[in-house]
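Heads up, the thing below is written out as structure tokens.
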Amino acid sequence: LRELGAADLSGAGAAFGAVTQVGPLVTVLIVAGAGATAMCADLGSRTIREEIDAMEVLGINPVQR
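Following my numbering, the numbering of the sequence shown begins with 13 at its first residue and continues without gaps.
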């Protein structure tokens with residue numbers, strides 16, 4: 013890069029590359045975390061209200077529902 017006179021731009025290029033690659037990854041992790049949190053909250057509330065036990069008594073598999 014020194015021969016081309018772009019040695020000063022190498023840091024900016026590396027920062028730009030890191031942001032463009034890490035940004036979508038962080039977004040996916042946040043969305044997946046929100047979905048997993050919603051599922052855990054739903055399962056917890058159903059367990060507290062004993063809906064899971066009621067489904068098992070009726071012969072319904074609560075995992076597939």
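We put the CB at the ideal spot given by N, CA and C, even for glycine.
Here the structure is a predicted model, which is why all the values come from computation and not from measurement.
Please name the residue in Val34, Val75 and Gly71 whose C-alpha comes closest to that of Asp54.
Val75
According to DSSP, is Arg58 part of a helix, a strand, or is it coil?
helix
Would you mind reading off the limits of the alpha helix (DSSP H) that contains Ile72?
No alpha helix (DSSP H) holds Ile72; DSSP gives it neither H nor E.
Using the three-state DSSP reduction, which class does Gly5 fall into: helix, strand or coil?
The question about residue 5 has no answer, for the chain in this structure spans 13 to 77.
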